[in-house]
Every structure is written in structure tokens, then in C-alpha cells.
Amino acid sequence: MKLSIGWRLFFAVLLSLITIVTVALFLMREKVSSSFADYALKIELDRLQEVSVAIQAQYAAQGDWTFLPKEPKQKQAWINLELLRLYQAKSRPMVEDASTPAQAAHSPKLMRRIEKPAKAAAPVAPALPALPAAPVTSTVTHTQVLPPLPPPPPPPVEVPPEPPGIDAIPAIPSENGSELQNLNSRISLIDAKQNYLAGRALDSTAHGVRPLFHDANLIGYLRVQKSSLPSDDMSKDFLQEQADTITLIVLISIGLSGLAALLLALHFRRPIHRLVDGARRLADGHFDTRLQATRSDELGELAKSFNQLAEKLALAEQSRRQWVADTSHELRTPISVLRAQLEAIQDGIRSASPENIALMLRQVLSLNKLIDELYALAKADIGTLDYQMQNLDLAQLLQEEAHNFQEKIDAAQLRLTLELIAVTTEQKTTIFADGERIRQVLHNLFENSLRYTDTGGHLQIRLQRTPHQVILQWDDSAPSVPSAALPRMGERFFRVDHSRNRSYGGSGLGLALCRRILEAHQANIEFAASALGGLSITIVFDTKS
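First residue of the sequence shown? That's 1214 in the numbering used here, and the numbers climb one at a time after it.
1. Smallest Cα separation from K1517: which of L1745, Q1505 and G1746?
2. How many angstroms separate the CA atom of E1568 from the CA atom of L1551?
3. Would you kindly work out how many angstroms separate the C-alpha atoms of N1581 and F1481, rounded to a whole number?
4. Tell me the residue span of the beta strand (DSSP E) that contains V1694.
5. Does the distance from the CB of A1411 to the CB of K1439 come in under 8 Å?
6. State the start and end residues of the unbroken beta strand (DSSP E) segment that holds M1702.
7. Among F1500, E1511 and G1513, which has the Cα closest to the Cα of A1529?
8. Between which two residues does the alpha helix (DSSP H) carrying Y1434 extend?
9. Any idea if R1545 is buried or exposed, counting beta-carbon neighbours within 10 angstroms, 16 or more meaning buried?
10. On a CA-only basis, which of A1725, L1435 and E1284 is nearest Y1588? Give me that one, please.
11. So, for G1669: in the same chain, excluding its five sequence neighbours on each side, which residues have a beta-carbon less than 7 Å away from its beta-carbon?
12. From the DSSP output, read off the bridge partner residues of Y1409.
13. Cβ of L1495 within 8 Å of Cβ of T1502?
14. Quick one: is S1401 buried, meaning 16 or more other Cβ sit within 10 Å of its Cβ, or exposed?
15. Beta strand (DSSP E) containing A1742: first to last residue?
16. Does DSSP put S1749 in a helix, a strand or coil?
17. Is it buried or exposed, A1744, if we count other Cβ atoms within 10 angstroms and call 16 or more buried?
18. Are there 16 or more other CB atoms within 10 angstroms of the CB of A1237, so buried, or fewer, so exposed?
19. Report all residues from its chain with a CB closer than 7 Å to the CB of E1739; omit the five preceding and five following residues, and keep chain order.
20. Is the Cβ-Cβ distance between G1746 and S1696 less than 8 Å?
21. If you measure between the beta carbons of K1288 and L1299, is that distance less than 8 Å?
22. Would you call I1651 buried or exposed, if buried means 16 or more other Cβ atoms sit within 10 Å of its Cβ?
23. For the beta strand (DSSP E) that contains I1644, what are its first and last residues?
24. Mapping DSSP to helix, strand and coil, what is P1424?
25. Rounded to whole angstroms, how far is the Cβ of T1630 from the Cβ of I1674, which I believe are closer than 8 Å?
26. Taking just the CA atoms, how far does I1256 sit from D1450?
27. Beta carbon of I1558, beta carbon of S1549: below 8 Å?
28. Here's a check: name, in chain order, each residue in its chain whose Cβ is nearer than 8 Å to the Cβ of L1261, leaving out the five neighbours to either side.
29. Going by C-alpha distance, which of E1613, L1590 and L1598 is nearest L1605?
30. Rounded to a whole number of angstroms, what is the C-alpha to C-alpha distance between K1303 and Q1407?
31. Measure from the alpha carbon of L1227 to the alpha carbon of each residue in L1297, S1466, D1251 and Q1521, then state which is nearest.
32. If you draw a straight line from the alpha carbon of F1223 to that of A1473, how long is it in whole angstroms?
33. Which residue wins for smallest C-alpha separation from A1698, given the options A1741, D1688, V1489 and H1734?
34. Do you know offhand how far H1681's Cα is from D1490's?
35. Helix, strand or coil: how does DSSP classify T1418 here?
36. Could you name the residues of the same chain whose beta carbon sits closer than 6 Å to that of C1727, not counting the 5 residues immediately before and after it, in chain order?
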């Protein structure tokens, strides 16, 4: 199935979002599992305010912990019975009696409560037997007051007549009607030295404490064991609420991710479609196709590269057409001369004299030279021109070629100056090259200077060795080359006929072939105006030493 870039972007954003949300949910659940019990424990400690006040009041009345039972089972059940007694006293629709002076003193609202007629409801269970509460004295100085528990629902109907064990005491209802998870079975009373007094037996599990005071002195703690998770109802409710919220966030995020993916797809697809259309136009031969390159991102760089490619293709097509036209012209000239000569001999206008045969032979040789140059240039273009690379002395090769052309130079009435600068026995102009190909380059350069330099001119050749290069400087005298034509020097079939007239020969392939051979030798050739008034050619060879 083929997916467009818009759908790919959408699924990429969506999968990233789902991954992030999944990891967030996992981390949140782990965090809640490890820390929500601490939060619930703090709430439970705050709910023990009334029993804390009652215990402090009884301690103030006795002056010590002697009011606590002695039997182990009664010790375990004492806090549960105290919680139930306070709960039953608070739920009665009348003014508190004298059995709970501490609660009346602590909660004035209870003292002002007016007895109301009982409604027809389920009968209230009789109170469990409880230990007598000591009267409140003025010595209770602990003034920390926290909000009391809200009115709970009616207590259980049936209560055992005798003090039950810790596991038989009913759980204390919470403010929303649901039971705190066995809160009454997780409370311990310990003294200031961490010794067990009543309630749940001490163990090493995590817990929280609520301090008890008398006359500003610490007398003990109410110790609450941490509730187990994830069975805790509060944590479950919290997780469920968070899951519902995150589900809503996920749905909204999916919609926003789809919108973002759509906008991103439109932002990227338009320039991509333009690139595709432009590439198709180039494939159809419309090399004048250009794209807008106004973007500053990678697509803008791609559009600029596309325009450069289109420009080079246009130049290559123009060069190809010029190549075909020039090749046809260069081949047509000697063939036309040969045909005219042969037809004249055939018609009897001319005789097959040695002079006429020599003229036809010169045309054949010119045609053969042109074909050889075309063949060599074509092989150089495709990289199949053979090179036999070896170390050779360029100064010696240059001297040999200058000696071979000396007779032609004298016939053209030219003056040759050959300078070898900083060339010693220890520092030779040795290069790594093909001797025959470099000799072919020097031959073409001599031919070019002889053909285009005016009679009585000057040809100056300078060979210089530097620490890392061998530089060949080639200068001839007038006529000069226009500055506009210098960048095109070395192109196939290019000639400056108006400024550098030639009396014969010259196909415009010699310098182009020289450029290809030198490029294969990692050498550089440049053309410029000469100080002698003609053309200056600089060839630079890199050396290893």
C-alpha cells in the first residue's frame, strides 16, 4: 500500500504521541503506587483529631497511662472501642452527656446542639462496653485544632455484647459513606519512648504518627500503618480520574496531531510536487525549466540545486548541438575539397598531375588528423584514453619538443625564448605523467602558437620549479584574445577567428584535447592575456616531494 507524505507525517506524529502518553501513564501509575499511600496516610492522621483529644483528656485526668487495660486482647481492642464510642456519641441527636467532657469542651457546636425528635429510622445499636473516661481538667494545653470528622452514616445494627477482638470491630465510615480501608485496625498507641501501649501491635512496616501532648510535653503518639496498594479505594478512584482525564487529552491530541500533520504535509508537499513536475519537464527535454528557490530550508536548497542542474543540462544540450554542427562542418570542408578535385579530374577539367594529387593528399591528411583528434577527445571524455604513467623530466621533454619545432619556428620568423628557472640537478622538474600524452600537449601548444602568432612575433616559454609544484608558463605575442573569449578557451571547436586569424588548418580541438589530458594528470590549465600582447597559458603540475 502506497502512503502519501501526509499520512506518513500523521502516523509519525500519532505514534510519537501514543508512545509519550503510554510512558507518562506508566510513570504516573508507578509514582502513585509509591507515594499516594503517603498522601492518604496524612489524611487519616488528620481524622484522628477527636480520639487524640479524648486520649489526651484521659491522660490528663490520670496523670499517666494507667487508664489503659492490662489484658493483651483488650489492649488491641481499646482504640477500636474508643473510636466507636466517640462515633456513637457524635451521632446521637442530643446534647453531649457528661461522659464525654473532653469532646464537649473541644467542640462547642456539640454543646449547643438541641435535641431533635427522632425520625422513624433503623434502631441504633446499643453502645459497646467502654472504659470509663476521666473528667477533663484544665491541664490540657495542646491547642492544635483540626476540623472534625463530618457526620457519618448510622453505625452497624448489631454489636457484640462483650469487648470483641480487633478483627471483629466494624470499620469507621468515611465522609463519603465508604469505609476507610480498615483504619481502626491500623492504629497503634505508643508512649514517648516508642513503647507499645494499645491498638495494633508494632511491626516494621511504613507508618505515620500523630503526637500527643500534656502540659506542652510529649506523652506519646498515635501510630497509623500505611494502607496497602493498589487495593486502596482512594488510590483507585484517583487513578481512574487521572485515566479519564488523560483519555480526553489523548483524543484532543490525536485531533490536533492530525491537523498539524495535515498542515505539515501541505507545507512540504507543494514544493515536492513542483520538484516532481520540474523533473518530468527536464526529462521531456524542456531544459529552460526553473523552480522558485525562496525557501530557506533543505527544500529551498534542493530547488537551487535543481535550477543548477537544469542550467548545466541546458549548457550540455547546447554544447552537444554545437559539437554536432562543428564536427559536421569540419568534416564537410576537406570532403568537399576532395569531391571537387575528383569531379574535376573525372570531367577532364583537371589532370591527375602530381600537384593535384598532392592537394588531395593534404585534404586526406587533414581529415585523418581531425578524425584522430575527435577519437582521442571522445576517449578522454569517457575516461578510456590510455595513460602509461611514470616519472619523467618535464624540462628535458620541453627541450626536445622545442628542438623539433625550431625549424618551423624559424620559417614563421618567430623568436623563441626558453627559460628554466631554479632547475638544478638536485631539484629536477620531475612529474608523474604519461610521456607521450604530455608530448602531445606540448605539440599542440607549439602548433597553436605557430598558427596564430603574427610574423616577427615572440614566443616565450618559462619552466619553474617550486617546493610542491612545477609551473609551465607559455606566452606569445600579438594578436591578442578578447577578454570575453578567454573563459571559452579550451572548448571544442572554439576559435577566435576575428582576432587570431589562421592561414590554414586548426579545427579548434587542440586546446580542448590538451585540457582533457591535463585533467587526467591532476594538472590545471588557465588562459589569460599575455604581457607580450597575445595569449598566456599557465599549466601547473603538483609534485609529491
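Even for Gly, the Cβ is constructed at its ideal location relative to N, Cα and C. These numbers come from a predicted model, not from an experiment.
Once the coordinates are examined:
1. Residue nearest to K1517 within the set L1745, Q1505 and G1746 is Q1505 (criterion: CA-CA distance).
2. One alpha carbon belongs to E1568, the other to L1551, and they sit about 13 Å apart.
3. So the two alpha carbons sit approximately 57 Å from each other.
4. Annotation for V1694: no beta strand (DSSP E) segment contains it, and DSSP assigns it neither H nor E.
5. No, Cβ-Cβ distance for A1411 and K1439 is not below 8 Å.
6. Counting along the chain, M1702 falls outside any beta strand (DSSP E), and DSSP gives it neither H nor E.
7. With distances taken between Cα atoms, A1529 lies closest to F1500.
8. For Y1434, there is no enclosing alpha helix (DSSP H); the enclosing beta strand (DSSP E) covers residues N1430 to Q1438.
9. R1545 comes out exposed.
10. Looking at the Cα atoms, A1725 is the closest of the given residues.
11. In chain order, Q1626 place their CB closer than 7 Å to the CB of G1669, counting only its own chain and leaving out the 5 sequence neighbours on each side.
12. According to DSSP, Y1409 bridges with I1403.
13. Cβ atoms of L1495 and T1502: closer than 8 Å.
14. By the 10 Å Cβ count, S1401 comes out buried.
15. The continuous beta strand (DSSP E) containing A1742 extends over residues N1737 to A1742.
16. In the structure shown, S1749 sits in a strand (DSSP, three-state: E or B).
17. So A1744 ends up on the exposed side.
18. Looking at its Cβ environment, which holds fewer than 16 other Cβ atoms inside 10 Å, A1237 is exposed.
19. Closer than 7 Å at the Cβ level, and outside the excluded window around E1739, lie T1751.
20. With contacts defined by Cβ atoms closer than 8 Å, G1746 and S1696 do not form a contacting pair.
21. Here K1288 is not near L1299, since their CB atoms are 8 Å or more apart.
22. Buried.
23. Going by DSSP, I1644 is part of the beta strand (DSSP E) stretching over T1643 to D1647.
24. In the structure shown, P1424 sits in a strand (DSSP, three-state: E or B).
25. That pair is a contact at about 7 Å.
26. Distance from the CA atom of D1450 to the CA atom of I1256, rounded to whole angstroms, is 15 Å.
27. At the C-beta level, I1558 and S1549 stay beyond 8 Å of one another.
28. Here the set comprises I1400, R1423, L1435 and V1437.
29. Cα-wise, what sits closest to L1605 is E1613.
30. Cα-Cα distance, rounded: 31 Å.
31. Comparing Cα positions, the closest option is S1466.
32. Cα-Cα distance, rounded: 8 Å.
33. Ranking A1741, D1688, V1489 and H1734 by Cα distance to A1698 puts A1741 first.
34. C-alpha separation (whole angstroms): 49 Å.
35. In the structure shown, T1418 sits in coil (DSSP, three-state: anything other than H, G, I, E or B).
36. So the list reads V1654 and N1657, once near-sequence residues are dropped.
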